[in-house]
Structures are given as C-alpha cells and as structure tokens.
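Enquirer: In the working numbering, the protein residues as written are 303 to 375. Glycine included, each C-beta is placed from N, C-alpha and C at the ideal position. First the structure, which I've put down as structure tokens, then a few questions once you've had a look.
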C-alpha cells in the first residue's frame with residue numbers, strides 16, 4: 303500500500319521530506335504550501351504540472367497580500 307502520509311513525491315533524492323525542509327527553514331503556511339506544490343509539480347501527476355504551479359503561485363499571492371495588509375512590505 304502506498305504511504306498516504308509521506309508520499310514519495312514529497313521526498314528529495316536524499317530522502318528528506320518537504321515537511322522537514324520547511325521546518326528547518328521555519329516557513330510560514332504560505333511559504334510551505336507554495337514549496338509543497340512546487341516540489342510535487344510534475345512528480346505526483348505529470349498531467350497536472352501546470353495546476354500545481356498555479357497553486358504555488360496562489361499561495362505566493364496570498365502571502366504577498368498578507369504582507370501588504372500587515373504593512374510589512
């Protein structure tokens with residue numbers, strides 16, 4: 303059975319999971335989700351590569367909006 307908690311498309315060649323990397327860098331929810339979609343783009347379902355890139359862009363836009371709203375831009 304496939305590992306639904308830690309699917310292979312979120313692991314690097316060295317075996318590090320995208321969550322471990324995000325934690326090491328202290329990413330916020332926007333950064334993490336953008337990274338997650340970029341990492342899996344073309345790996346989870348190659349026919350949805352552009353969809354995953356668009357999802358990453360959406361989280362980056364949300365982060366930009368949040369930063370602007372907080373007056374930290």
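Quick one: Cα of residue 362 to Cα of residue 352, how far?
Expert: Locating residue 362 in the chain shown gives position 60, where the first residue counts as 1. Locating residue 352 in the chain shown gives position 50, where the first residue counts as 1. When rounded, the distance between both Cα atoms is 15 Å.
Enquirer: Pull the bridge partners of residue 319 from the DSSP assignment, please.
Expert: Taking the chain shown and counting its residues from 1, one reaches residue 319 at position 17. For residue 319, which the question treats as bridged, DSSP gives the partners 313.
Enquirer: Report the CB separation of residue 311 from residue 346 in whole angstroms; it is logged as a contact under 8 Å.
Expert: Counting from 1 along the chain shown, the entry for residue 311 is found at position 9. Counting from 1 along the chain shown, the entry for residue 346 is found at position 44. Residue 311 to residue 346, Cβ: 5 Å. Contact.
Enquirer: I'd like the list of long-range same chain contacts for residue 336, defined as Cβ closer than 6 Å, with 5 residues on each side in sequence excluded.
Expert: For the purposes of this step, residue 336 is taken as the residue at position 34 of the chain shown. Taken in chain order, the residues that qualify are 358, 361 and 362.
Enquirer: Suppose contacts are defined by Cβ-Cβ distances below 8 Å. Is residue 308 in contact with residue 319 by that definition?
Expert: By one-based count along the chain shown, residue 308 stands at place 6. By one-based count along the chain shown, residue 319 stands at place 17. Yes, they are a contact pair.
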